[in-house]
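Residue numbers for the sequence shown follow our numbering, so the first one is 461 and each next one is one higher. Quick reminder that beta carbons are idealized off the backbone N, C-alpha and C, glycines included. These notes concern the structure reproduced below.
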Amino acid sequence: MSSKPVTTKIKEDGLRYRSKVGGSPFVGNGNTRSCFKCGKHRTPDQLQPKRVLGRTEMVCKPSCKDLEQS
461 MSSKPVTTKI KEDGLRYRSK VGGSPFVGNG NTRSCFKCGK HRTPDQLQPK RVLGRTEMVC
521 KPSCKDLEQS
């Protein structure tokens, strides 16, 4: 992410808005899911199902820390 300065403008009706960076933060073909533990979006081959609080959730495999280092 770049540290682009946020600019605001005041419309004639007095409302303000913030400019947004264009594009999508998700790269690839859109075939990603988020890890339940770290929240990062990963491809299906980087996730594994795990029982968390009685539900099956997808988490990083082998672990979130290992994927961060690679």
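For residue i and residue j, which I take to be in contact (beta-carbon distance under 8 Å), what is that distance rounded to the nearest angstrom?
{"i": "residue 495", "j": "residue 512", "result": "About 11 Å separates the two Cβ atoms, so there is no contact after all."}
Considering residue i, what are the terminal residues of the beta strand (DSSP E) in which it resides?
{"i": "residue 517", "result": "515-520"}
CA-CA distance, residue i and residue j?
{"i": "residue 517", "j": "residue 489", "result": "22 Å"}
{"i": "residue 527", "j": "residue 521", "result": "8 Å"}
{"i": "residue 484", "j": "residue 514", "result": "33 Å"}
{"i": "residue 472", "j": "residue 500", "result": "40 Å"}
Pull the bridge partners of residue i from the DSSP assignment, please.
{"i": "residue 509", "result": "518"}
{"i": "residue 494", "result": "501"}
With residue i as the anchor, note down where its alpha helix (DSSP H) starts and where it stops.
{"i": "residue 525", "result": "524-529"}
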